[in-house]
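*Asks:* Dropping the structure in here first, questions after.
Protein chains in written order, with our numbering: chain H, 1 to 342; chain E, 1001 to 1342; chain S, 2001 to 2342; chain C, 3001 to 3342.
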């Protein structure tokens, strides 16, 4: 059994990790920390876990994190980088669900996240945890930067086109719609029910932190910089991301075959038949990314529709997928629950 | 492996049965029928099942139902009673998720359901599939009348009080709120998104078919007729039933202890600590009923809060629980997925 | 033109007051205060008011409240009682949308609201602003206690029965469902979209502040104390209250005729035809209360269904209705917008 | 008073027209037809109109349409073209809220709408009812083709850029999100609450009927054909369209100033300050289009955010705006209700 610890388990990625790990046949939950809720039973904060998760929150100091095999950080940005060095030194693998190790360019990270990085020397070692791209490196990694939710949906949608070199790289557009849980479990006015329900809005059009992360991933695939316009939208649903991607073809190609080939062996990516329109509920509560690809009116513009559950393939599920790889387990172990629909 | 067939798998209880049975370690899906969708792959109608359910819908005639070990009817009322006799004769166990065998009084059934009963002789044999009441009879049953969604939540909430003989039986009130999936997957105007969203209404106040079913169950426990006012409400959520129950105490009793004792050994009923208020999402997509009990201001009125997922403990999950009992399996086999929250 | 001021205009009752007063033909908005948002243009906080409300928030000190004809308090409980004395002394009428003057029993108020009352001498003078009960007293009032949202829906539903003396008074039940805006525009976790959407829960079953308010109103009508069980529920909709009321008849009576007679002249109460089930959206954004009355199975239990928009007839609209009465205007002036449906 | 008739008033654009016309100071509702609901009181089908609309539905044959001053068609496509000739001959002005007269190219219309046009000779006369473009022609029109909902939001968002000739015309992208009421009040499975809630999907990516309509409008402004990719999405909200538009600048220009100048005199278009993100609820139930314009990272891609209420500025409200112009009334008469928020 893998002994797993969670730092910062009171948010939505935390409770989703708990849901997945508590059902994982090879994991034993060893500790979960929350400075604010220390002493409280996890199942009291999250009644959905009653009878199944018997841990209580502890302070980080009291938690036996260094005796874990793996520690997940489901914390705000800037926390994992404070503790990663020590845990790695103790032989613990670290999976950061926040952004501390996602950008390889430290200066850019500091610009977007507005703080100094606490352990820049670990950034080069950290592996970006997108298994469909970095599977082999993940297997041997000590430190995983678990991808952001938007970056997961967008990269999985664009990569086949970019890797094949068949689209113009200067005018990519990613129009993304996210459920409100993507904003976290924070007491903020704009994500109140009465604000976010029955309404939709774009946000952060001038610049969003997932923009450099996506560009980094696409640039690596392209071998050069890419031009990307990324517009996220707050959508009245709990879970789900729908990325609608636009690119101009630079070569004639059978895009459907291209996508099917690229993801042929991937258990967590499902390329739909031609003409499909995936809805986010078809992946709700599952670790799947479903993708459809279109060429409206047979023109030069390719439209890719890519949906994930932001809390699963976009966060906690992908983290477990990475853990499975790191510990030599079946990649989808504990991740095969069917989507919940309706 | 249990060979299972589903008759009428295009509704919400059908797809939920598919979700549960496809993940059940001891079940092999042998057939699923739909006259209207015959020939269509199940996963085309329900993309959430892509890659996991490879069956196609067939007509009832072509389906190898008589070679199944168990057949579930996820059909409109009035269908199971047409086919039950023949299946039972062939040695197949039958679980009807509709109402054909729920009422022991044939005349009353015919009055509420507006049709003649096709096999009244089977009604006496049919076992009402509420395991928390009829566990032993279910184990040996050939024919199960799977309870309605409201009746499950309401009976589980009232039974401890009634069995203990501590409440007045003439003025019970069950104020119930159901998610819209409870109305089925039918193309009807009143359950359109734009009609049902951001609104709430009572319905069927003059009389609802679940009223006689609940009364029958409560009367059996009481040993006499009970007076019950039942008001269902259509609520803007997909899944979930919240039953708010009101009864007047006729004896002094520790109601919290009463409930805890009654459900001490029950895996699918969770009595919450004093002062709790269960929300429906704490049971979403799970086979649990969570219950809290209150005596506001220490008065004579007991308020019971009982929540279930109408499609799971209120339908497909309870059907699988019954199947497990009938086939000598662990009662919760295939039913242990944690609720999905948020 | 009536010069109107609003104290504390950053919540949902505040913005709803602004919506109504900005469209009222006889009102001039003179000032709106918010200590926290002082200096901010109202339309910047509430973009729905752009181009129509040109005021900015000011501190209470700077606001010309004493030169207003009427001041509305859309503040948390405990604010209006600090300022009412001085405003009344300056000849300003005061309408408190919070609870400071709702309970005539000071001791009970202090118990439920957990603070000392700052001007108990004004409580007796304050008129409870339910026009359907206190119309004449409102016309000449200086100080109005605007009713709570639940109390409005529940009292309008019970009053015809109680005034007529035809129901048992010891076992009234009010099962109420409220949209999330009823909890206010406060940054609290439990009313986040991802918490409140697609779920329903009861709350405050042991005791809610609206319970003594409702009992006070019903007792006044009954001429004696009443026994009331009141259970509010948080419902996944933005606006709307649905009160489902249960009472036992103590006399034979035509309840439909009773309700129609009681509200025959009332512009803001609409008694539906027999057999109706009002939905909350049929009053959305309007100052109406729609009521239907049932006797299921012709029994002794009366079920009353009473719906309002909690922000309009349950708060800001009723406040404007009171203002109209106080200033000798047509009672529904500025309140005749049709409900928004769907 | 203008005598107004409505043909086909049982859908969402019909009931919204009723809401607006019933409150219009210069309109008298003379007739409303529905073959299916003939004889039924309008307020019985739409309880939100109780007490305010006293008409009953009649058959088209019985309705005094030829004695109206204006007749609105809130019908499926293909109905208005059957009756327009006769009504115009009788001197009645006609406003078609469906698509019969929207496309000037008859062959293209027939291709997209799959039927033969019944009165092609009227197409050239019909005026496309977008007042911000065709105001003068609308004033003297006999026959108005009221624009589609998506086309309204998209054209208003793109027009300033295209009219100024500052964007590349071959790669325009319109990513649009619509509330479910946009699909109409039809009993269809895919728009059931349990299907459409808590989920989001693109649809009609290969081709949507609003695509040629938008292209026609943009081409007229550009003086040449334009290349447009249009992807609509079904979004879990009742009302609202959010169009997110992408264009590549071909010239250096102050886009904010450009938009402000273009819509300076427009009462129904509100250009937000730089850096804004309009939400659809800021226009809910109002006839406004709010627009914000961005240049992320100061690059060459312009992002325009354009929001409307699909039932008001996207349908019934714009129809009333057109009627006002046709009859020489103040353009916004009866259309000044403030948005309902929250």
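We treat Cβ as the ideally placed atom computed from N, Cα and C, and that holds for glycine.
Among residues of its own chain, excluding the 5 on either side of residue 3337/C, which ones have a beta-carbon nearer than 7 Å to its beta-carbon?
*Replies:* Taking the first residue of the fourth chain as position 1, residue 3337/C is located at position 337. Excluding residues within five positions, the ones whose Cβ falls inside 7 Å are 3285 and 3286.
*Asks:* Contact criterion: CB-CB distance below 9 Å. Does residue 2019/S meet it with respect to chain H?
*Replies:* The sequence position of residue 2019/S within the third chain is 19, counting from 1. Judged by the 9 Å Cβ criterion, residue 2019/S is not in contact with chain H.
*Asks:* Measure the C-alpha to C-alpha separation of residue 84/H and residue 32/H and round it to an integer number of angstroms.
*Replies:* Reading the first chain from its first residue, position 84 is the one you call residue 84/H. Reading the first chain from its first residue, position 32 is the one you call residue 32/H. Each residue's alpha carbon lies about 16 Å from the other.
*Asks:* Are the C-beta atoms of residue 3175/C and some chain S residue less than 9 Å apart?
*Replies:* Within the fourth chain, numbered from 1, the residue matching residue 3175/C stands at position 175. No, because no Cβ of chain S sits closer than 9 Å to the Cβ of residue 3175/C.
*Asks:* When the Cβ atoms of the region 3131-3142 of chain C are set against those of the region 3222-3233 of chain C, are three or more pairs found closer than 8 Å?
*Replies:* Touching, no, given that fewer than three Cβ pairs across the two stretches are closer than 8 Å.
*Asks:* So, is the C-beta of residue 3236/C closer than 9 Å to a C-beta in chain E?
*Replies:* Numbered from its first residue, the fourth chain carries residue 3236/C at position 236. At least one chain E Cβ lies under 9 Å of residue 3236/C.
*Asks:* Are the C-beta atoms of residue 2272/S and some chain C residue less than 9 Å apart?
*Replies:* By 1-based counting over the third chain, the position of residue 2272/S is 272. Yes - at least one Cβ of chain C is within 9 Å of the one on residue 2272/S.
*Asks:* When DSSP labels each residue in this structure, what does residue 2132/S get in the three-state scheme?
*Replies:* Position 132 of the third chain, counted from the start, is the residue given in the question as residue 2132/S. Note: residue 2132/S maps to helix in three-state DSSP.
*Asks:* Along the beta strand (DSSP E) that carries residue 2028/S, what are the first and last residues, could you check?
*Replies:* Counting from 1 along the third chain, the entry for residue 2028/S is found at position 28. Looking at the DSSP string, the run of the beta strand (DSSP E) that includes residue 2028/S is 2027-2033.
*Asks:* Assess, as a yes-or-no matter, whether the region 3295-3306 of chain C is touched by the region 3155-3164 of chain C under the definition of 3 or more beta carbon pairs within less than 8 Å.
*Replies:* The region 3155-3164 of chain C vs the region 3295-3306 of chain C: in contact.
*Asks:* What residue range does the beta strand (DSSP E) around residue 1210/E cover?
*Replies:* Mapped onto the second chain, residue 1210/E falls at position 210. Looking at the DSSP string, residue 1210/E is not in any beta strand (DSSP E); the run it does join, the alpha helix (DSSP H), is 1210-1222.
*Asks:* What is the residue span of the beta strand (DSSP E) that residue 232/H lies within?
*Replies:* Along the first chain, read from residue 1 onward, the residue named residue 232/H stands at position 232. Taken as a continuous stretch (DSSP letters only), the beta strand (DSSP E) holding residue 232/H covers 228-234.
*Asks:* Could you check whether residue 1096/E and residue 1126/E sit closer than 9 Å to each other, using their CB atoms as the reference points?
*Replies:* Here residue 1126/E is taken as the residue at index 126 of the second chain, counted from 1. Here residue 1096/E is taken as the residue at index 96 of the second chain, counted from 1. For residue 1126/E and residue 1096/E, yes; Cβs fall inside 9 Å.
*Asks:* Report yes or no: do the region 2002-2010 of chain S and the region 2059-2070 of chain S share at least 3 C-beta pairs separated by less than 8 Å?
*Replies:* Result yes; three or more Cβ-Cβ pairs closer than 8 Å.
*Asks:* Just curious, the beta strand (DSSP E) that residue 2072/S is in, first and last residue?
*Replies:* As a first step, residue 2072/S is located in the third chain; it is residue number 72 there, counting from the start. Element bounds for residue 2072/S: 2070-2073.
*Asks:* Residue 2013/S lies in the alpha helix (DSSP H); which residues open and close that run?
*Replies:* Counting from one through the third chain, the residue named residue 2013/S turns up at place 13. Taken as a continuous stretch (DSSP letters only), the alpha helix (DSSP H) holding residue 2013/S covers 2012-2022.
*Asks:* Given this structure, state the Cα-to-Cα distance separating residue 3091/C from residue 2092/S, to the nearest angstrom.
*Replies:* Position 91 of the fourth chain, counted from the first residue, corresponds to residue 3091/C. Position 92 of the third chain, counted from the first residue, corresponds to residue 2092/S. One C-alpha to the other measures close to 57 Å.
*Asks:* Can you name the start and end residues of the beta strand (DSSP E) that residue 6/H belongs to?
*Replies:* Residue 6/H sits at position 6 when you count from the first residue of the first chain. Unbroken beta strand (DSSP E) run through residue 6/H: 2-7.
*Asks:* Among residues of its own chain, excluding the 5 on either side of residue 1184/E, which ones have a beta-carbon nearer than 7 Å to its beta-carbon?
*Replies:* One-based indexing of the second chain puts residue 1184/E at position 184. Contacts found: 1011 and 1012.
*Asks:* Compare the Cα-Cα distances from residue 196/H to each of 3021/C, 3280/C and 3078/C and report the closest residue.
*Replies:* Along the first chain, read from residue 1 onward, the residue named residue 196/H stands at position 196. The option with the nearest alpha carbon to residue 196/H is 3280/C.
*Asks:* Among the candidates 1131/E, 1198/E and 1153/E, whose CA atom is the shortest distance from the CA of residue 1265/E?
*Replies:* By one-based count along the second chain, residue 1265/E stands at place 265. That would be 1131/E, whose Cα lies nearest to the Cα of residue 1265/E.
*Asks:* Which one of 1099/E, 1038/E and 1069/E has the shortest CA to CA distance from residue 1152/E?
*Replies:* The residue you call residue 1152/E lines up with position 152 of the second chain. Measuring from the Cα of residue 1152/E, the nearest candidate turns out to be 1099/E.
*Asks:* Comparing the C-beta of residue 3280/C with each C-beta of chain E, is any distance below 9 Å?
*Replies:* Looking up residue 3280/C in the fourth chain gives position 280. No - not a single Cβ of chain E is within 9 Å of the one on residue 3280/C.
*Asks:* Could you check the C-alpha separation between residue 2170/S and residue 1028/E for me, to the nearest Å?
*Replies:* Taking the first residue of the third chain as 1, we reach residue 2170/S at position 170. Taking the first residue of the second chain as 1, we reach residue 1028/E at position 28. Taking the straight line joining both Cα atoms gives about 56 Å.
*Asks:* Quick check on the DSSP output: what are the complete beta strand (DSSP E) runs of length 3 or more inside the region 104-191 of chain H, in order along the chain?
*Replies:* Runs of the beta strand (DSSP E) inside the region 104-191 of chain H: 143-145 and 172-178.
*Asks:* Here's a check: name, in chain order, each residue in its chain whose Cβ is nearer than 6 Å to the Cβ of residue 1213/E, leaving out the five neighbours to either side.
*Replies:* The count along the second chain starts at 1 and reaches residue 1213/E at position 213. 1102, 1148 and 1151, listed in sequence order.
*Asks:* Would you call the region 3315-3326 of chain C and the region 3013-3024 of chain C touching, i.e. three or more CB-CB distances under 8 Å?
*Replies:* Output reads yes: the region 3013-3024 of chain C touches the region 3315-3326 of chain C.
*Asks:* Contact defined as beta carbons within less than 8 Å: I believe residue 258/H pairs with residue 339/H. What is the distance between those atoms, to the nearest angstrom?
*Replies:* Working through the first chain from its first residue, we reach residue 258/H at position 258. Working through the first chain from its first residue, we reach residue 339/H at position 339. Going by Cβ atoms, the distance from residue 258/H to residue 339/H rounds to 25 Å, so no, they are not a contact pair.
*Asks:* Considering only their Cβ atoms, is the gap separating residue 172/H from residue 1047/E smaller than 9 Å?
*Replies:* As a working mapping, residue 1047/E is identified with position 47 in the second chain. As a working mapping, residue 172/H is identified with position 172 in the first chain. For residue 1047/E and residue 172/H, no; Cβs fall outside 9 Å.
*Asks:* Compute the distance between the beta-carbons of residue 3041/C and residue 3052/C, then report whether it is under 9 Å.
*Replies:* Here residue 3041/C refers to the residue found at position 41 when the fourth chain is read from its first residue. Here residue 3052/C refers to the residue found at position 52 when the fourth chain is read from its first residue. No, the pair does not count as a contact, with Cβ atoms beyond the cut-off.
*Asks:* Name the DSSP beta bridge partners of residue 3202/C, please?
*Replies:* Within the fourth chain, numbered from 1, the residue matching residue 3202/C stands at position 202. Partner(s): 3233/C.
*Asks:* Excluding sequence positions up to five away, which residues of its chain have a Cβ less than 6 Å from the Cβ of residue 1953/S?
*Replies:* Since the first and last residues shown for chain S are 2001 and 2342, residue 1953/S lies out of range.
*Asks:* If you count every other CB in all the chains shown that lies within 10 Å of the CB of residue 1250/E, and 16 or more means buried, which is it?
*Replies:* By one-based count along the second chain, residue 1250/E stands at place 250. Exposed.
*Asks:* Counting along the chain, where does the beta strand (DSSP E) carrying residue 3246/C start and finish?
*Replies:* The residue given as residue 3246/C occupies position 246 in the fourth chain. Where residue 3246/C is concerned, the enclosing beta strand (DSSP E) stretches over 3241-3248.
*Asks:* Let me confirm a value: residue 3313/C is counted as buried when at least 16 other C-beta atoms fall within 10 Å, else exposed. Which label applies?
*Replies:* Taking the first residue of the fourth chain as position 1, residue 3313/C is located at position 313. Residue 3313/C should be labelled buried.
*Asks:* If we count the other Cβ atoms within 10 Å of its Cβ and call it buried at 16 or more, is residue 1297/E buried or exposed?
*Replies:* Here residue 1297/E is taken as the residue at index 297 of the second chain, counted from 1. The residue is exposed, with fewer than 16 neighbouring Cβ atoms inside 10 Å.
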